[in-house]
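Undergrad:
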Amino acid sequence: MADLVTNVAKGRFVHYGATAQAGTGGAKLVAVVLAAASLPTDDALQDADTLAAILATATEQTAMGRKVLTGVTAAVNDTTNSASVDAADVTWTAASGPATGKLVIAFDPTGSSADSALIPLTVHDFAVTPDGTDITAQIATAGLAVAENA
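For what it's worth, this note's numbering labels the leading residue of the sequence shown as 104, then goes sequentially.
(1) Using the Cα positions of V175 and N110, report the straight-line distance between them to the nearest angstrom.
(2) Taking a contact to mean a Cβ-Cβ separation below 9 Å, would you say P138 touches Q164 in this structure?
(3) Using 8 Å as the threshold, is the segment 209 to 221 in touch with the segment 178 to 192, meaning 3 or more CB pairs across them?
(4) If you draw a straight line from the C-alpha of G246 to the C-alpha of S187, how long is it?
(5) Using the DSSP secondary-structure output, state which residues sit across from I238 in a beta bridge.
(6) Within 10 angstroms of the Cβ of K131, are there 16 or more other Cβ atoms? Answer buried if so, exposed if not.
(7) Would the beta-carbon of V171 fall within 9 Å of that of V133?
(8) Alpha carbon to alpha carbon, how far is R115 from G204?
(9) Pop quiz: F210 and A123 are said to be a contact at Cβ under 8 Å. What is the actual Cβ separation, rounded to whole angstroms?
(10) What is the rounded straight-line gap between the Cα of P143 and the Cα of P233?
(11) Where do the N-terminal and C-terminal ends of the beta strand (DSSP E) with F116 fall, by residue?
Shown next, in the form of structure tokens:
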């Protein structure tokens with residue numbers, strides 16, 4: 104289990120992040136929580152080209168609900184020769200429901216698109232058991248994902 108950039112988003116996640124940052128066409132980044140039970144492999148998750156494809160093999164933990172990411176920033180760093188997408192931490196207040204296993208960050212091109220139009224950008228380990236307290240997904244200091252030369 105690992106944090107990963109999906110195959111469809113490799114080389115493109117910074118563009119999608121910048122589009123969401125600008126709000127072009129209502130675009131947003133959305134956090135979708137997957138239940139721990141019956142999670143597909145990381146390989147299967149990163150092969151999915153749409154959120155609908157992920158949800159065909161995984162179960163969304165709907166009690167916590169989807170969250171629109173705020174503070175989305177796409178940045179290019181010429182000093183480190185890298186580009187990244189960052190966002191504010193995400194908090195679910197009084198979280199409930201079954202245990203979680205993964206957190207998918209998806210690009211929603213209109214802010215209200217069907218799951219078949221949402222592009223999964225990154226998948227993160229997110230193993231928590233909701234107990235009625237607040238749960239926060241802390242976005243790494245480096246951001247959701249960083250593109251750089253190997």
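Every residue gets a Cβ at the ideal spot worked out from N, C-alpha and C, and that includes glycine. It should be emphasised that the depicted structure is a prediction, and the values quoted were computed from it without experimental measurement.
TA: By the coordinates alone:
(1) In a straight line, the C-alpha of V175 is about 21 Å away from that of N110.
(2) For clarity, residue 138 is Ala in the given sequence; the question names Pro instead. Result yes, Cβ atoms of A138 and Q164 sit closer than 9 Å.
(3) no
(4) Going by the C-alpha atoms only, they are around 6 Å apart.
(5) W195
(6) Burial call: buried.
(7) yes
(8) 25 Å
(9) Contact between F210 and A123 is confirmed by a C-beta separation of about 6 Å, below the 8 Å threshold.
(10) 21 Å
(11) Unbroken run through F116 is the alpha helix (DSSP H), 116 to 125; no beta strand (DSSP E).
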